[in-house]
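Contents: one structure, followed by commentary.
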Ligand SMILES: NC(=O)c1ccc[n+]([C@@H]2O[C@H](COP(=O)([O-])OP(=O)(O)OC[C@H]3O[C@@H](n4cnc5c(N)ncnc54)[C@H](OP(=O)(O)O)[C@@H]3O)[C@@H](O)[C@H]2O)c1
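Residue numbers (this note's numbering): 4 to 315.
See below:
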């Protein structure tokens with residue numbers, strides 16, 4: 004009964020908006036794509052496919068020098084083969100703390116700061132998995148390691164003083180309050196990838212608010228792409244994809260707001276999530292607000308998890 008109510012609330016409210024139909028209607032009113040990105044360095048995670056790869060193409064077309072980060076060298080080579088000119092690529096498993104620290108070492112050694120960081124990587128794993136630090140892999144990829152990469156890139160001077168940081172969440176967070184205990188699961192028995200995904204995406208929104216307050220001078224945005232036909236959706240939500248495939252967005256449409264934010268740099272709005280080039284409310288239903296834990300509690304939890312993954 005609760006599941007049915009959730010489906011009605013979610014699809015009834017967002018069904019049309021998140022599809023390509025919502026995109027086509029809204030784009031009729033868009034007047035400018037923003038400034039070009041010539042001379043800017045953009046680093047995009049989860050860049051070998053889907054929305055990440057489309058973001059690479061969009062930022063390159065706008066003149067940026069792009070670093071594409073993903074775990075599979077062959078897929079990164081495939082990405083480069085599909086572009087008008089190759090971009091720099093970094094093979095990094097974003098589930099693994101040591102891989103991220105090694106990336107930061109390389110970026111720091113290069114000395115060429117990053118102007119735009121896109122925390123795009125995101126997974127929904129139906130099987131429970133752990134990274135080498137023993138942490139829930141989905142939690143590590145979707146949240147903790149984005150915290151690690153962003154915080155440490157700032158601390159190590161890898162992100163420019165006036166950098167833009169864009170984090171890719173999901174409209175699924177409209178159905179989830181921020182419950183710290185639901186961010187990571189201990190074992191297969193308690194793991195529910197889809198529920199954890201929504202809570203992790205809610206947590207990205209809260210984290211973005213924290214970052215805006217904690218790091219003035221830089222611009223932090225959290226966005227969601229709508230419903231996009233990608234390999235990730237095909238694998239994680241096959242029924243959803245089968246039913247909605249005629250109206251899903253393509254990857255370029257999913258990446259549109261990311262590239263636009265990088266180009267336009269609109270005024271920060273801490274209580275917003277960006278979607279189709281507009282700042283939107285972060286809560287659609289009272290229950291997600293009422294049951295949410297405070298952002299400070301989230302940040303403390305992430306700091307603890309970071310320390311414990313460093314210690315292993
Ligand atoms: N598609 C949608 O409808 C939708 C809706 C809402 C939000 N989003 C969000 O949008 C973002 C992109 O989604 P997508 O649909 O484009 O995903 P996708 O098709 O699954 O692509 C994800 C990319 O991340 C890479 N990746 C996955 N795990 C990694 C790891 N541990 N280390 C390094 N790279 C890794 C993948 O490489 P491999 O191919 O090697 O795995 C791939 O390049 C995610 O944050 C997702 O949650 C998507």
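Ideal placement from N, C-alpha and C gives every residue a C-beta, glycine not left out.
Leaving out the 5 sequence neighbours to the left and right, which residues in its chain are closer than 6 Å to residue i when beta-carbon positions are compared?
i	result
residue 185	202
residue 69	45, 59, 62, 63 and 90
residue 240	none
What span of residues does the alpha helix (DSSP H) with residue i cover, start to end?
i	result
residue 50	Unbroken run through residue 50: none, as it is neither H nor E.
residue 295	No alpha helix (DSSP H) contains residue 295, which DSSP labels as neither H nor E.
residue 200	196-217
residue 248	No alpha helix (DSSP H) contains residue 248, which DSSP labels as neither H nor E.
residue 230	Neither: residue 230 is in no alpha helix (DSSP H) and is coded neither H nor E.
residue 259	254-267
residue 153	148-158
Contact check, residue i vs residue j under 8 Å by CB: the rounded distance?
i	j	result
residue 298	residue 52	With a Cβ gap of about 31 Å, residue 298 and residue 52 do not count as contacting.
residue 22	residue 305	Rounded, the Cβ-Cβ distance is 33 Å, inconsistent with contact.
residue 50	residue 97	Actually they do not touch by this definition, with Cβ atoms about 10 Å apart.
residue 144	residue 125	7 Å
For the beta strand (DSSP E) that contains residue i, what are its first and last residues?
i	result
residue 283	281-284
residue 165	162-171
residue 183	Taken as a continuous stretch (DSSP letters only), residue 183 belongs to no beta strand (DSSP E), as it is neither H nor E.
residue 224	222-226
Is residue j closer than 8 Å to residue i when the C-beta atoms are compared?
i	j	result
residue 116	residue 161	yes
residue 179	residue 188	no
residue 118	residue 166	yes
residue 254	residue 225	no
residue 279	residue 291	no
residue 296	residue 181	yes
residue 223	residue 272	no
residue 141	residue 152	no
residue 16	residue 287	yes
Tell me which same chain residues have a C-beta within less than 7 Å of the C-beta of residue i, skipping the five on either side of it?
i	result
residue 157	218
residue 9	178
residue 263	36, 37 and 280
Leaving out five residues before and five after residue i in sequence, what residues of the same chain have Cβ atoms less than 8 Å from its Cβ?
i	result
residue 146	186, 203, 206, 207, 210 and 305
| request: Could you pull out every unbroken beta strand (DSSP E) segment of at least 3 residues lying fully inside the stretch 67-127, listed in chain order? | output: 68-73, 91-94 and 117-122
| query | Going along the chain, which unbroken runs of the beta strand (DSSP E) with 3 or more residues stay wholly within the stretch 9-49? | reply | 44-48
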